[in-house]
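Converting from the sequence shown to the numbering used here requires adding 287 to each position, the first position being numbered 1.
Backbone N, C-alpha and C fix where the C-beta goes; we use that ideal spot for every residue, glycine too.
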Amino acid sequence: MQKAYNYNVISTDNLGDDSVKIAICDDESLFIDMIAEHILNIMRQYDDIDCTIYNCTSGEQLIDLCSREDIEMVCLDIAMPGLDGCQTACRLREINRDVVLIFISNNETMVFSTYEYEPIWFVPKSRIDMLESAVKKGVGKLQMLKYHKRYVGIKVTNRVVEIDTERVSYFVTGDHYVKMIYADDSDSVSYRCKLDDIERQLGDEWFVRSHKRYLVNCRAAVAIEGSSFVLKNGDVVPISKSYINAAKSKFHEYLRRIR
């Protein structure tokens with residue numbers, strides 16, 4: 288039988304147009320209360336953003352919460368009974384790839400061990416003053432992810448097609464056609480058009496030319512290794528010498544915005 292959890296939930300009193308769901312996870316209830324108060328004071332600085340804070344005392348409880356609610360930001364302790372912070376973070380990334388993760392810990396030597404879970408910040412418990420910068424950076428990342436255009440209409444030949452910028456990994460051209468490759472390995476779609484025209488119409492939607500034949504979605508990329516983009520679905524897309532500087536610049540700019 289699945290354990291039922293109760294969550295202590297508090298909200299800011301802002302009447303903003305936007306809302307952020309934040310979870311705090313620590314096995315010490317008094318520390319949770321202190322962090323919650325800090326976060327409330329930080330979020331009250333935003334006139335147009337409300338927030339709801341969920342308090343959890345174990346990794347298991349946090350995972351259950353994130354499976355039920357669309358939690359967008361998590362402040363997570365590392366040393367906890369049962370699932371520790373790193374084990375919990377691994378599970379959270381499976382539930383929500385884009386959750387903003389902030390580690391808070393007494394053990395500052397663990398900072399390098401947390402990198403694989405892609406936190407935006409590591410806050411020592413002795414330096415809670417650093418939490419304000421971490422939360423504000425997290426809010427900025429969430430706003431960028433939320434307000435980019437997920438669906439973009441582009442004109443190909445004599446019709447307009449809708450591009451889902453969260454599903455498309457890259458475009459590749461050949462034989463007068465442009466093929467759209469999906470991140471989830473769905474069947475690709477081809478259009479008779481020029482890659483230059485698609486690149487121009489996508490504008491600032493985080494697509495970057497890596498080669499005369501390839502247009503890559505920065506959201507779908509894990510890294511640039513040598514002269515190639517490595518994508519989340521395992522594909523490797525070449526970067527030619529003439530595009531390498533622009534590709535690196537665009538991808539690094541994207542990473543700075545989301546981290």
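Residue from 331, 492, 336 with nearest C-alpha to residue 456
492
Any non-hydrogen atom of the ligand ADP within 7 Å of residue 509 CB:
Here there are no bound small molecules, and the ligand ADP is not part of this structure.
Between which two residues does the beta strand (DSSP E) containing residue 483 stretch?
No beta strand (DSSP E) holds residue 483; the alpha helix (DSSP H) holding it covers 482–489.
Which of helix, strand or coil does DSSP assign to residue 498?
strand
Under 8 Å by Cβ, that's how I've got residue 479 and residue 463 pegged, so tell me the actual separation to the nearest angstrom.
6 Å
CB contact flag (residue 382, residue 354, <8 Å):
yes
Span separating the alpha-carbon of residue 394 from that of residue 410
10 Å
Cβ shell of residue 525 (< 6 Å), same chain only, five flanking positions each side left out
498, 515
Taking the alpha carbon of residue 359 as the reference point, which residue from 420, 452, 428 has its own alpha carbon closest?
428
Can you list, in chain order, the stretches of the beta strand (DSSP E) that have 3 or more residues and sit fully within the region 408–445?
408–411, 438–443
Between the C-alpha atoms of residue 344 and residue 520, what's the straight-line distance to the nearest angstrom?
34 Å
Considering only C-alpha positions, which residue in the set 324, 317, 507, 460 is nearest to residue 486?
460
Do residue 322 and residue 362 count as a contact pair if the criterion is CB distance below 8 Å?
yes
Could you spell out the range, first to last residue, of the alpha helix (DSSP H) harbouring residue 316?
316–330
Which residues bound the beta strand (DSSP E) around residue 388?
387–392
Going along the chain, which residues of its own chain have a beta-carbon closer than 8 Å to the beta-carbon of residue 329, five neighbours each way excluded?
418, 419, 422, 423
Where does residue 354 sit, in a helix, a strand or coil, going by DSSP?
helix
Quick one, which of 540, 352, 325, 535 has its alpha-carbon nearest residue 412's?
325
Where does residue 531 fall in DSSP's three states?
helix
Return helix, strand or coil for residue 518, following the three-state DSSP convention.
strand
From the DSSP output, read off the bridge partner residues of residue 617.
The shown model of the chain, from 288 to 546, leaves out residue 617, and the question about it has no answer.
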